[in-house]
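Take a look at the structure below.
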Amino acid sequence: MLLYQTSFCFICSHLASGEKEGDEIRRNSDVIEILRNTQFPRRCKVPNTRVPERILEHHQIIWLGDVNYRIALSQTEALKLVKKHEWETLLSKDQLKMEMDAGRVFKGWREGLIRFAPTYKYSYDSDTYLGEANVPPNKRRTPAWCDRILWKGDGIDQLSYERKDSNKYRFSDHRPVYAIFSAEVLVRGKSNSNSINIEVEELLPSQRSI
1 MLLYQTSFCF ICSHLASGEK EGDEIRRNSD VIEILRNTQF PRRCKVPNTR
51 VPERILEHHQ IIWLGDVNYR IALSQTEALK LVKKHEWETL LSKDQLKMEM
101 DAGRVFKGWR EGLIRFAPTY KYSYDSDTYL GEANVPPNKR RTPAWCDRIL
151 WKGDGIDQLS YERKDSNKYR FSDHRPVYAI FSAEVLVRGK SNSNSINIEV
201 EELLPSQRSI
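The letter at position 136 of the sequence shown is residue 136 when you use UniProt numbering, and the numbering goes up by one with no holes.
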């Protein structure tokens with residue numbers, strides 16, 4: 001996507017699942033494969049404009065979705081920390097944070113500060129984690145921040161990073177997260193203007209009643 005002379009790329013992914021030791025390596029491999037093999041067509045409606053063919057060729061990149069990285073703690077330990085809202089302690093065992101810090105995945109990418117409860121895995125139509133519910137041991141899951149938003153690029157800042165809680169999201173075993181960003185765009189051929197403000201509504205398709 002081009003906004004004036006600045007290219008944006010949004011990746012929505014569902015990485016390999018599983019909370020066994022070593023499953024994070026499969027997720028790392030998924031990320032590498034997506035970055036390596038995704039290629040966009042060269043077609044562009046704007047004359048004399050080069051369109052990025054690869055993800056990392058874009059100026060601003062946002063990666064979101066169910067990345068499936070788990071918390072490297074036992075179910076019992078994790079649930080105790082969740083009940084105490086000990087997010088910092090939990091995050092110290094978050095696989096995605098650990099893999100990024102070690103330089104094994106998403107090198108050079110950023111993520112906002114997490115100040116909300118793990119988004120996975122909930123019992124159907126409830127606010128109870130599956131590990132707390134009366135289910136067989138093989139069905140229980142350790143709470144985790146599976147749903148994440150990361151970004152890469154200069155001139156882009158995250159203004160907020162939140163989890164959405166509402167009864168209407170109870171149909172899922174996940175809870176959604178959302179973020180608001182501020183991004184600079186390059187504008188050529190505009191005289192007498194040092195900055196241009198673009199309202200979000202200008203970039204969205206028109207809404208129609210159904």
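Heads up, the beta-carbon is just placed ideally off N, CA and C, and yes, glycines get one too.
- Gln-95: member of the alpha helix (DSSP H) spanning 95 to 101, first to last residue.
- In the DSSP assignment, Ser-7 falls within the beta strand (DSSP E) that extends over 6 to 14.
- A straight-line Cα-Cα distance of about 31 Å links Gly-112 and Pro-41.
- Sixteen is the threshold: since fewer than 16 other Cβ atoms of the shown chains lie within 10 Å of the Cβ of Gln-5, the residue is exposed.
- Looking at the DSSP output, Ile-71 bridges to Asp-94.
- Inter-segment contact for the region 91 to 110 and the region 147 to 154 is present: three or more beta-carbon pairs are separated by less than 8 Å.
- In the DSSP assignment, no residue is bridged to Arg-141.
- Beyond the five residues adjoining it in sequence on each side, Ser-17 comes within less than 6 Å, by CB distance, of Asn-68 in the same chain, given in chain order.
- Judged by DSSP secondary structure, Ile-62 falls outside any alpha helix (DSSP H) and instead within the beta strand (DSSP E) spanning 60 to 66.
- In the DSSP annotation of this structure, the continuous segment of the beta strand (DSSP E) that includes Glu-162 starts and ends at 156 to 163.
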